[in-house]
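Position 46 of the sequence shown, counted from 1, bears residue number 48 in our numbering, the numbering being contiguous throughout.
To keep things clear, I will list the structure first and then write my remarks on it.
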Amino acid sequence: MMLRRIAHVLFCWIVLSSIFPAQASGLRGKCESKPLLAGFVEFVKTGRMPADLRKFLGDAQAQRIAPYKAFDNAYYVGVCWVSAWLITSPQGHVLIDALYGNFTRQLLANVRSLGFDSKDIRLVVVTHGHFDHAGGLALLKKELAPGTRFAMTKEAWEEAAANAASERRPFPMIEPDVVLADGQEITGGGVTIQAFETPGHTMGTASYAFDVRDGAKTYRAFTVGGLGLNAIKGPAQVEAFIASVKRIRKLTEEGPRPIRLHLTTHGFSTGLPEASALLKQRKPGDPHPLVDLRGFRRQLDQLQAGAEERLQIERQKH
Ligand SMILES: [Zn+2]
Numbered sequence: 003m004m005l006r007r008i009a010h011v012l013f014c015w016i017v018l019s020s021i022f023p024a025q026a027s028g029l030r031g032k033c034e035s036k037p038l039l040a041g042f043v044e045f046v047k048t049g050r051m052p053a054d055l056r057k058f059l060g061d062a063q064a065q066r067i068a069p070y071k072a073f074d075n076a077y078y079v080g081v082c083w084v085s086a087w088l089i090t091s092p093q094g095h096v097l098i099d100a101l102y103g104n105f106t107r108q109l110l111a112n113v114r115s116l117g118f119d120s121k122d123i124r125l126v127v128v129t130h131g132h133f134d135h136a137g138g139l140a141l142l143k144k145e146l147a148p149g150t151r152f153a154m155t156k157e158a159w160e161e162a163a164a165n166a167a168s169e170r171r172p173f174p175m176i177e178p179d180v181v182l183a184d185g186q187e188i189t190g191g192g193v194t195i196q197a198f199e200t201p202g203h204t205m206g207t208a209s210y211a212f213d214v215r216d217g218a219k220t221y222r223a224f225t226v227g228g229l230g231l232n233a234i235k236g237p238a239q240v241e242a243f244i245a246s247v248k249r250i251r252k253l254t255e256e257g258p259r260p261i262r263l264h265l266t267t268h269g270f271s272t273g274l275p276e277a278s279a280l281l282k283q284r285k286p287g288d289p290h291p292l293v294d295l296r297g298f299r300r301q302l303d304q305l306q307a308g309a310e311e312r313l314q315i316e317r318q319k320h
């Protein structure tokens, strides 16, 4: 059932439920993090999706949010519950994640409304093979310029093909194109992205690091490819998840270009709708509301703690 598949985006409910107690989700037809999270928590706890969450996820109008400039070269072009990021350069752009169905059409409209030509997208990198990130690839391949490349890990290509062929929620899929390896840098137009294999959410999940500019400042940004523990098939996968989270934590602490901020795949996971609203009110000299290293580390610590609890449960089950 489609709604069960939507659950794959959830964070470990153990973590979430400690932050957002179970309650009616309280969605009011607006893109707000807290009720959206609360609705998902309720769904996972009870196995029944709150009616207002069901309505909200399927409501094209409610999902539509105005695309916006997050950094001088990074734009949000996704819908409310799933992100897509456009990283731009004068030589061409990179898109992170494809969305799905009519939301992919919304993504393309968002790119255009920001004043960009979708034909200038040179590369699409995908975080993993679930429908909400890979489901729109066939449409993108049709709509984007003929030479556009599509990239993900070998396992993610396999996941996407399997999910595309599933009975529960099939979607059109493209043939595998670029296969990314851990640590590989790939350039589309003038944008270079570094891929990290971060298995856990799925075993093919990749995360991406890239530079974003804010005036004279450049920050290393990171998109964590998958945070939920809802597609877990046993303790080894949870162990992989924990190792990936620890590795990402380390990338915020050391290396030639440590990570400074998280541009998430699901905005409600980091309060992105609320933080991005602050961009409009920002005055010269104000700190950038999305540069929140402490918040990113806190999120990683919470994910690790939740996964360690889940590991005990998985070890008892298997
Ligand atoms: Zn997923």
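Ideal Cβ placement from N, Cα and C applies to all residues, glycine included.
When only Cα atoms are considered, T266 and I89 end up about 14 Å apart.
Shown here, R171 sits in coil according to DSSP, grouped into three states, outside any helix or strand. In this chain, the beta strand (DSSP E) harbouring E187 covers 187-190. Here E161 is buried. Its C-beta has 16 or more other C-beta atoms within 10 Å.
Setting aside the 5 residues that flank it on each side, I176 is surrounded in the same chain by L139, A140, K143, F152, each with a C-beta closer than 8 Å to its C-beta; the list follows chain order.
Straight through space, the alpha carbons of R312 and Q318 are spaced by roughly 10 Å. With a cutoff of 7 Å on beta-carbon distance, Y221 and L263 are scored as near each other. In the DSSP annotation of this structure, the continuous segment of the beta strand (DSSP E) that includes Q196 starts and ends at 193-199. Judged by their CB atoms, H95 and G227 are not nearer to each other than the 7 Å cut-off. G202 has its Cβ no nearer than 6 Å to any heavy atom of ligand 1. Assigned with DSSP and collapsed to three states, R222 falls in strand. Excluding residues up to 5 positions away in sequence, L302, L305, Q306 lie with their Cβ nearer than 6 Å to the Cβ of V247 in the same chain.
Only residues of its own chain outside the window of five on either side were considered, and among them none has a CB closer than 6 Å to the CB of F118. The bridge partners DSSP lists for S209 are F198. Inside the region 230-260, DSSP marks whole alpha helix (DSSP H) runs of 4 or more residues at positions 237-253, from first to last along the chain. In this structure, H268 has its beta carbon at no less than 6 Å from each heavy atom of ligand 1. Rounded to the nearest whole angstrom, the CA to CA distance from K57 to G80 is 18 Å. If you ignore the 5 residues before and after P178, its C-beta comes within less than 6 Å of the C-beta of W159, all in its own chain and listed in chain order.
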